[in-house]
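**Q**
Protein chains: 2
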Amino acid sequence: MADRFLRRGDPSGIVSKLCAKAILERNLIGEGDRILIAVSGGKDSTVLCWALSALKRAVKVNYELAALHISSDFCSCCKKAVLAEKLEQFGIPLTDLFVPVVGRLKEGRRMNCYWCSTQRRTELLKYAVRGGFNKIALGHHLDDIVETFFMNLCSKGELCAMPVKLSYRKYPVTLIRPLAYLEESQIVSCAAEQDILKAACTCPYGINSSRRDMRKRIAAFTGNSGALKRRILGALLPEAGALLEE
Amino acid sequence: MADRFLRRGDPSGIVSKLCAKAILERNLIGEGDRILIAVSGGKDSTVLCWALSALKRAVKVNYELAALHISSDFCSCCKKAVLAEKLEQFGIPLTDLFVPVVGRLKEGRRMNCYWCSTQRRTELLKYAVRGGFNKIALGHHLDDIVETFFMNLCSKGELCAMPVKLSYRKYPVTLIRPLAYLEESQIVSCAAEQDILKAACTCPYGINSSRRDMRKRIAAFTGNSGALKRRILGALLPEAGALLEE
Chain A
-4 MADRFLRRGD
6 PSGIVSKLCA
16 KAILERNLIG
26 EGDRILIAVS
36 GGKDSTVLCW
46 ALSALKRAVK
56 VNYELAALHI
66 SSDFCSCCKK
76 AVLAEKLEQF
86 GIPLTDLFVP
96 VVGRLKEGRR
106 MNCYWCSTQR
116 RTELLKYAVR
126 GGFNKIALGH
136 HLDDIVETFF
146 MNLCSKGELC
156 AMPVKLSYRK
166 YPVTLIRPLA
176 YLEESQIVSC
186 AAEQDILKAA
196 CTCPYGINSS
206 RRDMRKRIAA
216 FTGNSGALKR
226 RILGALLPEA
236 GALLEE
Chain B
-4 MADRFLRRGD
6 PSGIVSKLCA
16 KAILERNLIG
26 EGDRILIAVS
36 GGKDSTVLCW
46 ALSALKRAVK
56 VNYELAALHI
66 SSDFCSCCKK
76 AVLAEKLEQF
86 GIPLTDLFVP
96 VVGRLKEGRR
106 MNCYWCSTQR
116 RTELLKYAVR
126 GGFNKIALGH
136 HLDDIVETFF
146 MNLCSKGELC
156 AMPVKLSYRK
166 YPVTLIRPLA
176 YLEESQIVSC
186 AAEQDILKAA
196 CTCPYGINSS
206 RRDMRKRIAA
216 FTGNSGALKR
226 RILGALLPEA
236 GALLEE
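Sequence order for the protein chains is A and B. For the first sequence, the numbering used here assigns the number -4 to the initial residue and increments by one for each residue that follows. For the second sequence, the numbering used here assigns the number -4 to the initial residue and increments by one for each residue that follows.
In structure tokens form, the structure reads like this:
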């Protein structure tokens, strides 16, 4: 009952409420946290910036927000100026870091999503540690988590889900995914309402064909039912039992 | 390579090989085991009888086989005489046990699959303990295991799979599922080859509609690919890595 209430209202309100619910239930943000938000220039991470900034103004917990965008010799946000302006409105300073992902390839090796993301993830972690950030916030949502679970199950034969909170042994940093309870469609609606879509760009490489195929198969399997996707998420994040309340 | 070889040949050979592989890899049967096979009268458990009986003649491990069929006031095998004759050919004695599942219902409660199967499972376990059996063999196959996993995921929001080997705390008995590596289609072919289909009957209640619906959705999701279903099984039974070899 309570949970159904959280998914009603205007799109921005829904994002705020479900983001706050994830943060509270999973203890994602605490007093004095220095949070680095990884921004791609896409709708998800930009909505995450908006949500964390709005929440900061609404709660008594003090935390600091900054954003990092990684440009590369392969891909960069095509609307960086619009993105910077948006983030300035949210009061979040944006830094651009250049990482030559193509330049680092060994001879004869081709660029691929795995290589690019690994390179960028390492640089993100190093930057956070250098800058004294203790948290890194990523914009993955419920559909990303469900999709990655099915990709791991069907491609790798592994039962393995994206965690909502992950501490590294090697780095003094914790990854958090505050949008974990939100469906992509809810984020899109919020982005439209907050005039964020104009700033959004995507990787020119696009998503790879096996991921696109998986997305279609999941949509057919779940009938795009939000309730079913939340039930699956509940299985992947065992303590998210409250999500199942209808 | 080795694994692809196991899935080639005549249907009975495939069942024998993949059943032996599961037994060896998962240590399902040992010297001196007294194994009670739960037979419904359906193709799966009858093929299991055939496979364990054929294996017994081929290996040097001594184990004893017996079969139990549970009749009830709701459902009983309609071809019990044919079943008994088949099992006699395999050298497996068959006992029929009557359990009044409907009679045990509290007033106002309706029959359902969960109630019926719980009642029958308890009686099966008690019978095995009374008879000094240390193993109970069930006829569930790869498709059953994958289907149950998805049912648990989507209906209960739980990551939970049928184990291939399960020891009970309450009873001195271990459940085994020697057909775990076999697809239903492989069992059907073997049943036809061994002239078992004639003896096969199914529950008059049929499968419930949510299970039927799930079966369709899994078929669409996996495209009925045996390789994909084995990969999923590999995730559910972590040590079944060898299954993935193509």
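We put the CB at the ideal spot given by N, CA and C, even for glycine.
Since serine 247 of chain A is in the beta strand (DSSP E), which residue starts that stretch and which ends it?
**A** Nothing about residue 247 of chain A can be reported from this structure: the residues present for chain A run from -4 to 241 only.
**Q** Determine which residues share a DSSP beta bridge with arginine 125 of chain B and list them.
**A** Within the second sequence, the letter at position 130 stands for residue 125 of chain B. For arginine 125 of chain B, which the question treats as bridged, DSSP gives no partner whatsoever.
**Q** Report buried or exposed for glutamate 242 of chain A, applying the criterion of at least 16 other Cβ atoms within 10 angstroms of its Cβ.
**A** This structure gives no information on residue 242 of chain A, because the portion of chain A shown stretches from -4 to 241.
**Q** Which two residues bound the contiguous beta strand (DSSP E) that contains valine 94 of chain A?
**A** Locating residue 94 of chain A in the first sequence gives position 99, where the first residue counts as 1. Note, valine 94 of chain A: beta strand (DSSP E), 89 to 94.
**Q** Cβ of isoleucine 140 of chain A less than 9 Å from any chain B Cβ?
**A** Counting from 1 along the first sequence, the entry for residue 140 of chain A is found at position 145. Chain B contact via Cβ: absent.
**Q** So with Cβ pairs under 9 Å, would you call serine 162 of chain B a contact of chain A?
**A** Position 167 of the second sequence holds residue 162 of chain B. It does not; no Cβ of chain A falls within 9 Å.
**Q** Using 10 angstroms around the beta-carbon of threonine 41 of chain A, count the other beta-carbons present and answer buried if the total reaches 16, otherwise exposed.
**A** Indexing the first sequence from 1 puts residue 41 of chain A at position 46. Its Cβ being crowded by 16 or more others within 10 Å, threonine 41 of chain A is buried.
**Q** Restricting to runs no shorter than 4 residues, where is the alpha helix (DSSP H) found entirely within the stretch 121 to 166 of chain B?
**A** Here the runs fully enclosed are 137 to 146.
**Q** Taking C-beta pairs closer than 7 Å, name the residues in chain A that leucine 223 of chain B reaches, listed in chain order.
**A** As a first step, residue 223 of chain B is located in the second sequence; it is residue number 228 there, counting from the start. The contacting residues are Cys149.
**Q** I want to see whether chain A comes within less than 9 Å of isoleucine 227 of chain B, judged by CB atoms only; does it?
**A** Taking the second sequence and counting its residues from 1, one reaches residue 227 of chain B at position 232. For isoleucine 227 of chain B, the answer is yes, since a Cβ of chain A falls inside 9 Å of its Cβ.
**Q** Answer with buried or exposed for lysine 165 of chain B, where buried requires no fewer than 16 other C-beta atoms within 10 angstroms of its C-beta.
**A** As a position in the second sequence, residue 165 of chain B is number 170, starting the count at 1. So lysine 165 of chain B counts as exposed.
**Q** Please list, in chain order, the chain B residues whose beta carbon lies closer than 8 Å to that of arginine 207 of chain A.
**A** Residue mapping note: residue 207 of chain A aligns to position 212 of the first sequence, counting from 1. Simply none; closest approach about 15 Å.
**Q** Quick check on the burial criterion: 16 or more other C-beta atoms within 10 angstroms. Buried or exposed for valine 159 of chain B?
**A** One-based indexing of the second sequence puts residue 159 of chain B at position 164. Burial call: buried.
**Q** Taking its Cβ as the centre, do 16 or more other Cβ atoms sit within 10 Å of lysine 38 of chain B, making it buried, or is it exposed?
**A** Position 43 of the second sequence, counting from 1, holds the residue named residue 38 of chain B. Looking at its Cβ environment, which holds 16 or more other Cβ atoms inside 10 Å, lysine 38 of chain B is buried.
**Q** Going by DSSP, what residues sit across from isoleucine 171 of chain A in a beta bridge?
**A** Counted from its first residue, the first sequence places residue 171 of chain A at position 176. Bridge partners of isoleucine 171 of chain A: A:Ala132, A:Lys160.
**Q** Within the same chain, show all residues whose beta-carbon is closer than 8 Å to that of alanine 186 of chain A, passing over the 5 residues directly before and after it, in chain order.
**A** Looking up residue 186 of chain A in the first sequence gives position 191. Result list for alanine 186 of chain A: Lys38, Thr41, Val42, Leu192, Ala195, in chain order.
**Q** For a contact meaning CB atoms closer than 8 Å, what does phenylalanine 93 of chain A contact in chain B?
**A** One-based indexing of the first sequence puts residue 93 of chain A at position 98. The premise fails here: phenylalanine 93 of chain A is roughly 39 Å from chain B at the closest Cβ pair, so nothing lies under 8 Å.
**Q** Determine the DSSP secondary structure at aspartate 190 of chain B, reduced to helix, strand or coil.
**A** Taking the second sequence and counting its residues from 1, the one referred to as residue 190 of chain B is at position 195. Residue state, collapsed to three classes: coil.
**Q** Find the residues of chain A that neighbour glutamate 153 of chain B, judging by a C-beta separation of less than 7 Å, and give them in chain order.
**A** Locating residue 153 of chain B in the second sequence gives position 158, counting from the first residue. Result: Ala230.
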